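As you go down the protein sequences, you meet chains A and B in turn.
In this text, residue positions in the first sequence follow the working numbering: the first is 61, and each later residue adds one.
In this text, residue positions in the second sequence follow the working numbering: the first is 450, and each later residue adds one.
Note that the Cβ used here is the ideal one computed from N, Cα and C, for glycine as well.
Small disclaimer: the values here were computed from a predicted structure and weren't measured.
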Amino acid sequence: MKLLKLVPDHTNIDFMRWRNLALILSLIATVTSLGFTAYRGLNLGIDFIGGQVVRVEFAEPVHIDELRARVDQLGVGEASIQALGNQQTYQVRLPKPQGPETASNAVVSKLRTAIPQAYPGARVDAGESVSGKVSEELAQNSAIAIALAMLGIAIYIWFRFEWQFGVGALLTLGHDIAMTLGFFAFTRLQVDLNVVAAFLTIVGYSLNDTVVIYDRIREDLRKYRKMAILPLLNLSLNETLARTVVTSLTVLIALGILMLIGPQVIFGLAIAIFLGVLIGTYSSIYISAPVLVWLGVQPDSFLKSDEKDEAEPQPA
Amino acid sequence: MLEFPKWKVWLIGLVIAAGVLLSIPSLIAGTPYASAWPKWMPQYKVNLGLDLAGGSHLLLEADQQDALKQRLQAKEDEVATELRRDPRIDIGDISTAGGRLSFMVRNPTQVDAAVERLRRLSQPVQLTGNRDWDVQVVDSTRIVLTPSAVGTTQALKDAMGVARDVVRRRIDPGGTKEITVITEGGNRILVEVPGVEDPEELKKLIGQTARLEFKLVDMSADPQQVQQGRAPPGSQVLPMADGTGFIAVKRRVMVSGDQLTDASQSFDQDGRPDINIKFNTTGARRFGRATQENVNKPFAIILDDKVLSAPNINEPILGGNAQIAGSFTVQSAHDLAVSLASGKLPVKLNVIEERTVSAELGQDSIHKGAIASIVSVLCVIVFMLVTYGRFGVYADIALVVNAFLILGIMAMFNATLTLPGIAGFILTIGAAVDANVLINERIREEIRRGRRLLDAVETGYREAFRAIFDANVTHVISAGIMAYFGSGPVRGFAVVLLIGVLTSVFTAVYFTRMLVALWIRRERPRELHI
Numbered sequence: 061m062k063l064l065k066l067v068p069d070h071t072n073i074d075f076m077r078w079r080n081l082a083l084i085l086s087l088i089a090t091v092t093s094l095g096f097t098a099y100r101g102l103n104l105g106i107d108f109i110g111g112q113v114v115r116v117e118f119a120e121p122v123h124i125d126e127l128r129a130r131v132d133q134l135g136v137g138e139a140s141i142q143a144l145g146n147q148q149t150y151q152v153r154l155p156k157p158q159g160p161e162t163a164s165n166a167v168v169s170k171l172r173t174a175i176p177q178a179y180p181g182a183r184v185d186a187g188e189s190v191s192g193k194v195s196e197e198l199a200q201n202s203a204i205a206i207a208l209a210m211l212g213i214a215i216y217i218w219f220r221f222e223w224q225f226g227v228g229a230l231l232t233l234g235h236d237i238a239m240t241l242g243f244f245a246f247t248r249l250q251v252d253l254n255v256v257a258a259f260l261t262i263v264g265y266s267l268n269d270t271v272v273i274y275d276r277i278r279e280d281l282r283k284y285r286k287m288a289i290l291p292l293l294n295l296s297l298n299e300t301l302a303r304t305v306v307t308s309l310t311v312l313i314a315l316g317i318l319m320l321i322g323p324q325v326i327f328g329l330a331i332a333i334f335l336g337v338l339i340g341t342y343s344s345i346y347i348s349a350p351v352l353v354w355l356g357v358q359p360d361s362f363l364k365s366d367e368k369d370e371a372e373p374q375p376a
Numbered sequence: 450m451l452e453f454p455k456w457k458v459w460l461i462g463l464v465i466a467a468g469v470l471l472s473i474p475s476l477i478a479g480t481p482y483a484s485a486w487p488k489w490m491p492q493y494k495v496n497l498g499l500d501l502a503g504g505s506h507l508l509l510e511a512d513q514q515d516a517l518k519q520r521l522q523a524k525e526d527e528v529a530t531e532l533r534r535d536p537r538i539d540i541g542d543i544s545t546a547g548g549r550l551s552f553m554v555r556n557p558t559q560v561d562a563a564v565e566r567l568r569r570l571s572q573p574v575q576l577t578g579n580r581d582w583d584v585q586v587v588d589s590t591r592i593v594l595t596p597s598a599v600g601t602t603q604a605l606k607d608a609m610g611v612a613r614d615v616v617r618r619r620i621d622p623g624g625t626k627e628i629t630v631i632t633e634g635g636n637r638i639l640v641e642v643p644g645v646e647d648p649e650e651l652k653k654l655i656g657q658t659a660r661l662e663f664k665l666v667d668m669s670a671d672p673q674q675v676q677q678g679r680a681p682p683g684s685q686v687l688p689m690a691d692g693t694g695f696i697a698v699k700r701r702v703m704v705s706g707d708q709l710t711d712a713s714q715s716f717d718q719d720g721r722p723d724i725n726i727k728f729n730t731t732g733a734r735r736f737g738r739a740t741q742e743n744v745n746k747p748f749a750i751i752l753d754d755k756v757l758s759a760p761n762i763n764e765p766i767l768g769g770n771a772q773i774a775g776s777f778t779v780q781s782a783h784d785l786a787v788s789l790a791s792g793k794l795p796v797k798l799n800v801i802e803e804r805t806v807s808a809e810l811g812q813d814s815i816h817k818g819a820i821a822s823i824v825s826v827l828c829v830i831v832f833m834l835v836t837y838g839r840f841g842v843y844a845d846i847a848l849v850v851n852a853f854l855i856l857g858i859m860a861m862f863n864a865t866l867t868l869p870g871i872a873g874f875i876l877t878i879g880a881a882v883d884a885n886v887l888i889n890e891r892i893r894e895e896i897r898r899g900r901r902l903l904d905a906v907e908t909g910y911r912e913a914f915r916a917i918f919d920a921n922v923t924h925v926i927s928a929g930i931m932a933y934f935g936s937g938p939v940r941g942f943a944v945v946l947l948i949g950v951l952t953s954v955f956t957a958v959y960f961t962r963m964l965v966a967l968w969i970r971r972e973r974p975r976e977l978h979i
């Protein structure tokens, strides 16, 4: 059987030749992405701004305008109604009402009873109601968690490698998160708790590639002490390229299937990680590695921490 | 590389067998095969999260102001009861303004005695050296009781503990359902009830403070003044529960619902639903004496500061049993009986977060999640196979074993599988093979460099391990933080990721290494097709 080789043997792509262009483009993309997110804002779910959501499944297709008119009659506030896939499943979202924290629950109850009355056979599949207080805490906790995860991983890499690598990892992460945020701002996909979980996963997984490449760079730095830094980075990137491609592809296949045929509720989570892996693959090559050049990593960078003689013996 | 002692093979085999056995009950749960699983086999099962099983999740927050108010009221009753005892000390001008209890001692010579008796009432707060109430004398005849900070904190903590138990008893009087009721963060209670799709019932049940009191009706009050909300000194105006106006009652509590041992729904002579209550010994004595002393006067039955009814005392009620009439339906009488029997809530609870998922949607999620998982596994298996041939088969076996191990470990710890957890599972499938990709690519590389087969395989495993380790630590950090900060479903996702990372190192590194070693030893291949 002939085995599939996505990356042919002896591939030698001069990645570093485009490093400045790539860095500038990445920088522009990151800034644009952040700026766009700040300008347009994210479509935050009730997890983060409070409010109520009811998910209804109807026995027969219902027109969205008709449903909107019905909900408006209830006088529960400005409803935003979204079809989930077909005309039989809708998500009705309502702002959190003025007044005491307990008032929000009355609204969901109202919808719960009113909808099945108006549409026989309709079923309220899920109802959520989050008060302003809880949503503030959730938003705050999510931000802290993402920041802590980024920092924790950067520190770990600093300990395992050198400080330049830690900085490189942090910049890579910042880029990946910024781009994914921009995507969510652009598509208006709803950001809920699941998406935050996705962001944390991206923090872990986008670094997967980076760590593997860094590990190889470290190994090559020890092995080829005389080699200039740019050719060495190219060598390391090419050596790990096959692995980068195969692994990314595997994860993308698994996530793509989840996105296409998985439960609708976790679509946001799946697409965020899918995107994060894609962006992470790019950034591990074009951000993680060139940053090392900028920060002045040299072949002797690892000799400070390791005794010269103790450098791992590598057969020629 | 080839030295793979028998005991290691057995150990790895044992771990895998355990994983498979442990995961089977979860896999066959809900299918007809479930009953065929022998009783002597492991019965551990993965818990399904509410988003998969369907049910209601409520987050309740204590109204601290209300708790403090209730505590102050209780103190007022306690003080009044204490000072009425022999030798009686008359007090007046009682006020609870500003969160403090203050009153005047009518006879100035009794001030010291009163302070002495009140100090004895206050309790030391454990280990802090402080007492729960500070007793002071102001303006020589006025006594002020101020709750101390530590006392208040302790009281709130105690109240939350009681509230949690009360909530549990109300939702599940029989104590048989698999519900979660836990306190969170000092002033919150998390309630998770599988199977309940309409949280309204639940909220009604939980929301009743169910503070039951019996007070005498103040007959001296001018009805017109009462309707305007003014009551004579020592009395208060309360609304009727059915909305028919107001009534003046004496402030003093004859008997309170604390003294109940049981409450149940029943019917009166005319077949209308009412509630049968039973007092404990103290309650029965107090109730008996109060009714004895007030024959032919009306008394008010008060629930949460609303008057249910104000019947006349026709004769002393001595047995400790009583019926509460009101305009009840069978359901509302039953609910109230449950609330009364479970005790009153020491603090008002507000619902600040509510999530409900129907069983149908949960089932649908499980169904779609399972299909997506299976398709993902199959695709990845095929991809590995065409990429690495024999070594791909090993990676695939490891993948399947990994799936069982994740499920088995989750079952063993009774962990909760949530919908994002399924996503975590699929993600782990994709990522678990990463270790094998790293190893296999390294072996390819070493072979290209001209190493001999055995040497290449050995170097591949050794060199790849470092990267595998570092990469997995980054997962553990992010998943760990997620598990710590995340709530409910997100935590479920993190748990699956964490377990998946750990098991994947075992299956992808140690287990495949064993497979490779056994193969090389058996076949003595001269060339590696990778």
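Contacts that residue i makes with chain A (C-beta to C-beta distance below 8 Å)
i: Tyr-837 (chain B); result: Leu-63
i: Val-806 (chain B); result: Asp-185, Ala-186
i: Val-939 (chain B); result: Leu-253, Asn-254, Val-256, Ala-257
According to DSSP, residues forming a beta bridge with residue i
i: Asp-581 (chain B); result: Answer is none; Asp-581 (chain B) lacks a bridge partner.
i: Gln-985 (chain B); result: In the structure as shown, chain B begins at 450 and stops at 979. Residue 985 (chain B) is therefore absent and cannot be evaluated.
i: Met-553 (chain B); result: B:Gly-541, B:Arg-591
i: Pro-682 (chain B); result: None; Pro-682 (chain B) has no bridge partner.
First and last residue of the uninterrupted alpha helix (DSSP H) at residue i
i: Arg-278 (chain A); result: 253-283
i: His-816 (chain B); result: 808-837
i: Phe-663 (chain B); result: Not the alpha helix (DSSP H): Phe-663 (chain B) falls in the beta strand (DSSP E), residues 661-665.
i: Val-702 (chain B); result: Val-702 (chain B) -> no alpha helix (DSSP H), and no H or E assigned at all.
i: Val-401 (chain B); result: Here chain B comprises residues numbered 450 to 979, so residue 401 (chain B) is not present and cannot be evaluated.
i: Tyr-216 (chain A); result: 192-220
i: Lys-606 (chain B); result: 598-620
i: Arg-395 (chain B); result: Nothing in the structure corresponds to residue 395 (chain B), since chain B is present only between 450 and 979.
Host beta strand (DSSP E) of residue i (start-end)
i: Asn-298 (chain A); result: From DSSP, Asn-298 (chain A) is part of no beta strand (DSSP E) but of the alpha helix (DSSP H) over 289-321.
i: Thr-149 (chain A); result: 149-154
i: Val-630 (chain B); result: 629-633
Under 8 Å by beta carbon: chain B residues contacting residue i
i: Ser-169 (chain A); result: Glu-649
i: Ile-213 (chain A); result: Thr-923, Ile-926, Ser-927
Presumed contact (8 Å Cβ cut-off) between residue i and residue j, rounded CB distance
i: Ala-759 (chain B); j: Met-703 (chain B); result: That belief does not hold up - the Cβ atoms of Ala-759 (chain B) and Met-703 (chain B) are roughly 13 Å apart, past 8 Å.
i: Val-273 (chain A); j: Ala-349 (chain A); result: The sequence given here has Ile at residue 273 (chain A), not Val. At roughly 6 Å, the Cβ-Cβ gap stays under 8 Å, so Ile-273 (chain A) and Ala-349 (chain A) are in contact.
i: Ile-930 (chain B); j: Gly-212 (chain A); result: 7 Å
i: Ile-696 (chain B); j: Leu-687 (chain B); result: 6 Å
i: Tyr-150 (chain A); j: Val-190 (chain A); result: No, Tyr-150 (chain A) and Val-190 (chain A) are not in contact; Cβ-Cβ is about 19 Å, not under 8 Å.
i: Pro-474 (chain B); j: Trp-486 (chain B); result: 6 Å
i: Pro-795 (chain B); j: Ala-529 (chain B); result: The pair is not a contact, with the Cβ atoms about 20 Å apart (cut-off 8 Å).
Interface residues of chain B facing residue i [CB-CB closer than 7 Å]
i: Lys-193 (chain A); result: Ile-801
i: Ala-209 (chain A); result: Ile-926, Ser-927, Ile-930
i: Ala-205 (chain A); result: Ile-930, Met-931, Phe-934
i: Ile-317 (chain A); result: Ala-821, Val-824, Ser-825, Cys-828
Partner residues on chain B for residue i, Cβ-Cβ distance less than 9 Å
i: Ala-302 (chain A); result: Val-886, Glu-890, Arg-893, Glu-894
i: Asn-268 (chain A); result: Ala-880, Asp-883, Ala-920, Asn-921, Thr-923, His-924
Cross-chain neighbours of residue i in chain A, by beta carbon under 7 Å
i: Lys-817 (chain B); result: Ile-321, Gly-322, Pro-323
i: Val-829 (chain B); result: Thr-310, Ile-313, Ala-314
i: Asp-981 (chain B); result: Past the edges of chain B, shown from 450 to 979, lies residue 981 (chain B), and the structure says nothing about it.
i: Ile-878 (chain B); result: Ala-314
Residue i: contacting residues in chain A (beta-carbon distance under 9 Å)
i: Glu-809 (chain B); result: Glu-117, Arg-183, Asp-185
Interface positions of the region 275-291 of chain A facing chain B (Cβ-Cβ less than 8 Å), listed along the chain: Asp-275, Arg-276, Glu-279
Against chain B: residues of the region 88-106 of chain A by CB proximity under 9 Å: none
Interface positions of the region 227-259 of chain A facing chain B (Cβ-Cβ less than 8 Å), listed along the chain: Leu-253, Asn-254, Val-256, Ala-257
Contact list for the region 320-341 of chain A against chain B, Cβ threshold 7 Å: Ile-321, Gly-322, Pro-323, Val-325, Ile-326, Leu-329, Ala-330, Ile-333
Near-chain B residues of the region 171-200 of chain A (beta-carbon distance less than 8 Å), N- to C-terminal order: Arg-172, Arg-183, Val-184, Asp-185, Ala-186, Gly-187, Glu-188, Ser-189, Val-190, Ser-191, Lys-193, Val-194, Leu-198
Near-chain A residues of the region 502-522 of chain B - C-beta to any C-beta below 8 Å: Leu-508, Glu-510
Contacting positions in the region 135-151 of chain A - beta carbon closer than 8 Å to chain B: none
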